[in-house]
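Read the sequence shown against my numbering and you will find it ends at 465, with the numbers running on by one and no gaps. Heads up, the beta-carbon is just placed ideally off N, CA and C, and yes, glycines get one too.
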Amino acid sequence: MQFFSKPIEEHEEVPLADDGRWEQLIDRWAARALGERPREQGAEEGNACYLALVGEWHEPAQREAQLAELLALVQAQGDRVVGHEALRPRRIDPRTYISPGAARALAARAREQGANLLVIDAELSPSQTRNLEDATGLAISDREVVILNVFLKHARTRKARIQVEIAHLEYLRPRIRGLGLEMDQQAGGMMYARGPGETASELLARQLDGRLELLRKAFEKLKRAGENQRKRRRACERVVLVGYTNAGKTSLMNALTGAGLSARDMPFETLDTTSRSLTRHGGDVVLSDTVGFIRRLPARLLASFESTLAEAREASLLVLVIDASDPEWEMHVETTETVLARLGAGELPRYYVFNKRDRLEHAPAAARLEALSGGRPYALLSSGDEAAVAALKRALIAAVRHEHRRARLFFPYAATAALTRVYAECRVHESEADARGLWLEVEGHARVVDELEKTLAGAEEVQA
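Pasting the structure below:
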């Protein structure tokens with residue numbers, strides 16, 4: 002099992018723990034898991050991994066797609082793959098997930114290929130991981146820790162690095178039991194009455210809890226700053242790109258806005274939400290790119306990135322980007338819809354973009370695309386097709402603006418809450434003051450303007 006927890010250099014409010022002892026304990030724990038000196042981040046030579054897919058597949062294409070996804074994840078975390086196989090267990094063993102006999106046979110084949118790390122494409126409990134390590138004699142990584150390592154490698158901003166480390170430490174917390182059996186105990190108690198003291202694993206758990214508390218406090222500050230930024234953009238219509246990882250969201254973002262963001266062909270290349278103006282003048286329509294989704298996305302990662310994905314909940318329009326060249330693209334649509342529902346964004350308006358048209362020999366039938374999009378508007382294109390991207394840009398702007406409404410409203414001076422809201426969520430074209438209040442010519446989403454009218458009408462009745 003791999004685990005890296007490094008200090009966040011530029012975040013002054015998250016100090017090193019106990020003069021470096023934290024890192025020593027983490028390195029000792031990682032060395033125990035790998036059976037060797039822990040690999041440093043950024044090392045050129047990674048672990049030799051043997052991949053084990055576990056499940057049922059109705060078609061070979063499904064198995065190949067799952068293998069390709071796991072292969073991309075392992076390579077993205079910096080390791081190399083020396084072999085793979087697919088397992089179909091009759092039942093899930095509660096102690097070792099796969100039966101001990103199958104695990105030992107799997108380990109033997111992995112050793113023949115020179116592997117030192119066995120990657121199981123499943124979410125293992127802490128006890129299942131320990132039992133598999135005992136049964137196989139190899140280090141074990143499950144699907145969750147692989148995804149966590151990829152997130153850690155790609156986290157660049159302060160907020161993303163804190164979010165990922167919180168998820169990592171929460172993953173580690175229940176997995177350190179038993180470490181004290183192999184490490185010296187600390188002295189404890191009064192002189193002449195020394196007891197066994199606390200084991201090194203207990204010390205690690207206590208320090209881990211302290212670091213988690215520091216990280217969560219620092220993250221809350223960054224979370225509030227992000228909420229304030231979103232409040233300042235309430236007057237703008239927000240179009241948010243969502244979809245499966247590696248579907249081409251960032252490439253589409255670059256094509257639509259000229260953002261120049263990194264768009265390598267790699268899972269979870271983008272972890273931070275980035276926003277750019279979609280309109281040339283005025284900036285009243287903002288486009289945001291978000292972290293990609295994946296099947297069986299670990300719950301702790303979704304929880305850690307909930308504030309980052311808050312953009313999706315507050316969007317005027319969600320643009321679901323789908324890699325139409327992927328053999329499991331229909332499953333990608335289903336996964337994206339499921340995650341959006343978990344985020345509370347299941348009922349928001351949608352626009353479907355079936356991307357990577359240039360990789361298809363034959364375009365999918367229109368009836369199939371209409372069925373997948375549920376009758377909502379869609380486009381089939383490649384992000385490198387300038388004409389298609391320009392048409393999509395016009396369609397997205399029109400889609401969010403068609404529900405705009407312009408009205409002339411009277412705001413009594415006492416209606417401070419309504420005045421604050423109109424300047425935050427609408428555009429004010431003209432203003433006129435008299436002895437009683439302000440006449441404003443406003444433009445905004447029809448829902449917001451309707452609510453303002455009702456609020457102001459109520460205020461006039463109270464005054465009357």
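Using a 10 Å radius around the Cβ and a threshold of 16 neighbouring Cβ atoms, would you call residue i buried or exposed?
{"i": "P299", "result": "buried"}
{"i": "R217", "result": "exposed"}
{"i": "T417", "result": "exposed"}
{"i": "Y172", "result": "buried"}
{"i": "H59", "result": "exposed"}
{"i": "E113", "result": "exposed"}
{"i": "E134", "result": "buried"}
{"i": "G270", "result": "Note on residue identity: the sequence assigns Glu, not Gly, to residue 270. With 16 or more other Cβ atoms within 10 Å, it is buried."}
{"i": "E362", "result": "exposed"}
{"i": "E221", "result": "exposed"}
Would you check if the distance between the CB atom of residue i and the CB atom of residue j is smaller than 8 Å?
{"i": "C427", "j": "G445", "result": "yes"}
{"i": "L119", "j": "A108", "result": "yes"}
{"i": "L279", "j": "V292", "result": "no"}
{"i": "L302", "j": "I148", "result": "yes"}
{"i": "T337", "j": "L321", "result": "yes"}
{"i": "L272", "j": "A168", "result": "no"}
{"i": "V423", "j": "E238", "result": "no"}
{"i": "R297", "j": "R144", "result": "yes"}
{"i": "A49", "j": "G138", "result": "no"}
{"i": "L170", "j": "R212", "result": "yes"}
{"i": "A447", "j": "R409", "result": "no"}
{"i": "V82", "j": "L125", "result": "no"}
{"i": "D327", "j": "A66", "result": "yes"}
Which value, in whole angstroms, describes the spacing of the CA atoms of residue i and residue j?
{"i": "G84", "j": "Q76", "result": "13 Å"}
{"i": "E387", "j": "R225", "result": "38 Å"}
{"i": "S142", "j": "D122", "result": "9 Å"}
{"i": "G47", "j": "E404", "result": "53 Å"}
{"i": "D80", "j": "A366", "result": "39 Å"}
{"i": "T275", "j": "A219", "result": "21 Å"}
{"i": "G375", "j": "V340", "result": "17 Å"}
{"i": "E315", "j": "V287", "result": "12 Å"}
{"i": "A399", "j": "V390", "result": "14 Å"}
{"i": "D451", "j": "A396", "result": "25 Å"}
{"i": "M267", "j": "R207", "result": "36 Å"}
{"i": "I99", "j": "A62", "result": "23 Å"}
{"i": "Q164", "j": "L209", "result": "15 Å"}
{"i": "A248", "j": "R174", "result": "33 Å"}
{"i": "A111", "j": "A425", "result": "60 Å"}
{"i": "A368", "j": "A325", "result": "15 Å"}
{"i": "H155", "j": "R92", "result": "36 Å"}
{"i": "E335", "j": "L373", "result": "9 Å"}
{"i": "A415", "j": "E348", "result": "35 Å"}
{"i": "V449", "j": "R131", "result": "55 Å"}
{"i": "A436", "j": "T421", "result": "19 Å"}
{"i": "E203", "j": "E86", "result": "38 Å"}
{"i": "A483", "j": "E166", "result": "The chain is shown only over 2 to 465; residue 483 falls outside these bounds and no answer can be derived."}
{"i": "A260", "j": "K250", "result": "12 Å"}
{"i": "S128", "j": "N117", "result": "20 Å"}
{"i": "R265", "j": "Q78", "result": "14 Å"}
Whose C-beta lies closer than 8 Å to the C-beta of residue i among residues of the same chain, with five residues either side of it excluded?
{"i": "A419", "result": "F412, L453, T456, L457 and A460"}
{"i": "A136", "result": "T97, P101, A104, R105 and A108"}
{"i": "A364", "result": "R358 and L381"}
{"i": "L370", "result": "Y353, F355, Y379 and L381"}
{"i": "T258", "result": "R277, S278, L279 and L288"}
{"i": "A434", "result": "W440"}
Using a Cβ-Cβ cut-off of 7 Å (strictly less than) and excluding sequence neighbours within five positions of residue i, which residues of its own chain qualify?
{"i": "A313", "result": "V241, V243, T291, L319, L341, L344 and A346"}
{"i": "M192", "result": "At M192 the pLDDT is 46, less than 50, meaning the model places this residue with poor confidence; the figure from the coordinates comes in the next sentence. Closer than 7 Å at the Cβ level, and outside the excluded window around M192, lies no residue."}
{"i": "G36", "result": "With a pLDDT of 41 at G36, under the threshold of 50, the modelled position of this residue cannot be trusted; read the value that follows with caution. Here the set comprises A140."}
{"i": "E57", "result": "R89"}
{"i": "K394", "result": "L257 and L279"}
Can you list, in chain order, the residues of its chain whose CB lies under 6 Å from that of residue i, leaving out five sequence neighbours each side?
{"i": "E431", "result": "E442"}
{"i": "I295", "result": "T246"}
{"i": "S289", "result": "V241, T274, S276 and E312"}
{"i": "V429", "result": "L441 and V443"}
{"i": "D94", "result": "S100"}
For chain B, check one thing: does any of its Cβ atoms lie closer than 8 Å to the Cβ of residue i?
{"i": "V165", "result": "The chain inventory of the structure shown lacks chain B, comprising one protein chain alone."}
The ligand ADP heavy atoms versus the CB of residue i: any closer than 7 Å?
{"i": "V449", "result": "Questions concerning the ligand ADP fall outside what the structure shown contains, since it holds no ligand whatsoever."}
- Looking at C-beta atoms only, is the number of pairs between the stretch 329 to 349 and the stretch 382 to 400 that lie closer than 8 Å three or more? As far as the Cβ criterion goes, the stretch 329 to 349 does not touch the stretch 382 to 400, which means the pair count is below three.
- Query: At a cut of 8 Å, does the stretch 372 to 379 reach the stretch 347 to 364 through at least three beta carbon pairs?
  - Reply: These segments touch.
- Segment contact, 8 Å Cβ cut-off, at least three pairs: the stretch 251 to 258 with the stretch 323 to 336: At 8 Å Cβ cutoff, the stretches do not touch.
- Message: With three or more beta-carbon pairs closer than 8 Å as the criterion, would you say the stretch 52 to 71 touches the stretch 148 to 165?
- Response: Cβ pair count under 8 Å is below three, so no.
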